[in-house]
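Each remark here refers to the structure printed beneath this line.
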Amino acid sequence: MTALLEVTGLSRRFGGVQAVQDLSFAVHPGEVVGLIGPNGAGKSTAFNLINGVIRPDRGTVTFDGEDITGLRPDRVAKRGIARAHQIVQPLAGMTVMENCLVGACFGRENLPVSAAGDAVREAASLTGLTERLDDYASTLTTAGKKRLELARALSARPRLLLLDEVLAGLNPTETERMIGVLRRIQARGIAILMVEHVMRVVMSLSDRIVVMHVGRKLAEGTPREIAQDPEVAKAYLGDAPEMAALAGGAR
1 MTALLEVTGL
11 SRRFGGVQAV
21 QDLSFAVHPG
31 EVVGLIGPNG
41 AGKSTAFNLI
51 NGVIRPDRGT
61 VTFDGEDITG
71 LRPDRVAKRG
81 IARAHQIVQP
91 LAGMTVMENC
101 LVGACFGREN
111 LPVSAAGDAV
121 REAASLTGLT
131 ERLDDYASTL
141 TTAGKKRLEL
151 ARALSARPRL
161 LLLDEVLAGL
171 NPTETERMIG
181 VLRRIQARGI
191 AILMVEHVMR
201 VVMSLSDRIV
211 VMHVGRKLAE
221 GTPREIAQDP
231 EVAKAYLGDA
241 PEMAALAGGA
251 R
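Just so you know, our numbering puts 216 at position 216 of the sequence shown, and the rest follows in order with no gaps.
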């Protein structure tokens, strides 16, 4: 199968720190790939390189056969890549509908406002926000704002969704609800590349997992292969709960 996203030899240095070095992996259409690693492994930098927040020193990012290396984030979005961030920043003075219209109008289909309503309602249905479309974003709980972040990204009708720790800060009940949202997105055939520290979620949702350590790719494989990889265990040495989650969540 031809890759939808292909990252090849991606590298980026900040002063004396090599944040990402020679990183290569692919995401295929409809596939869910987890990008994991200890804190400081380079995961968020990799996301920033993929969607154009920063430019790589070396390497290429190819999406649907097109070289998009270094394109601005707005141009990357129009190619069909949307991102949901860990720290949500909704447009607080606007409604949920208006927030999502921003995603629809500046996304892959470049929809005019008059035609964007269907995309927004689809995204709201997927994320459980249908009843909140007319509410101001500022009235949502933290969990609601996380779902709004997802809905705004989905309103862009992406082919690939970058999820940057969307479960961070949620309690167990909210986490379970968000897992349900992610499963509905997964069922729609939207490819997902997710950075996440909730290991049982990564292990249960991912088709494949890429493990980063000190900027490099340490391992790649199925959840079960990653859970049994001694080099991965060594990278997570000292973090018993994470390793237990890796082993317990593997499918």
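Idealized CB from N, CA, C, for every residue including glycine.
To the nearest angstrom, how far is the alpha carbon of residue i from that of residue j?
i    : j    : result
L218 : R184 : 30 Å
F14  : E225 : 32 Å
L193 : E231 : 22 Å
V88  : T2   : 33 Å
G42  : V214 : 7 Å
R58  : P73  : 18 Å
I50  : D67  : 11 Å
M97  : D64  : 30 Å
R55  : T45  : 10 Å
L4   : T69  : 14 Å
G40  : L129 : 34 Å
R159 : L126 : 15 Å
E6   : A92  : 35 Å
V27  : F106 : 23 Å
A235 : P38  : 7 Å
L148 : E174 : 14 Å
Tell me the DSSP secondary structure of residue i in three-state form.
i    : result
E131 : helix
L170 : coil
E6   : strand
M199 : helix
T139 : helix
E220 : strand
S155 : coil
E66  : strand
M178 : helix
Q228 : coil
G34  : strand
L23  : strand
I81  : strand
L91  : coil
S11  : strand
R55  : coil
V214 : coil
Report all residues from its chain with a CB closer than 8 Å to the CB of residue i; omit the five preceding and five following residues, and keep chain order.
i    : result
V210 : F25, V33, G34, L35, I36, K217, A219 and E220
How would you label residue i, buried or exposed, when you count the other beta carbons within 10 angstroms and need 16 or more for buried?
i    : result
T139 : exposed
R157 : buried
K146 : buried
R83  : buried
S114 : exposed
R152 : buried
A187 : exposed
P90  : buried
V195 : buried
V17  : exposed
In chain order, what residues of the same chain have a beta carbon less than 7 Å from the beta carbon of residue i, not counting five sequence neighbours either side?
i    : result
D22  : G9, S11 and R216
L182 : L205
Kindly say whether residue i, judged by its beta-carbon, lies nearer than 8 Å to any beta-carbon of chain C.
i   : result
V33 : Judged by its chain identifiers, the structure shown contains no chain C, having just a single protein chain.
Who are the Cβ neighbours of residue i in its own chain at under 6 Å, not counting the five residues just before and after it?
i    : result
A104 : L111, A116, A119, V120 and S155
G52  : L71, R72, P73 and V76
G80  : R108, P158 and R159
Can at least three beta-carbon pairs, one atom from the stretch 118–137 and one from the stretch 164–175, be found at a separation below 8 Å?
No: the two stretches stay apart, fewer than three of their Cβ pairs being nearer than 8 Å.
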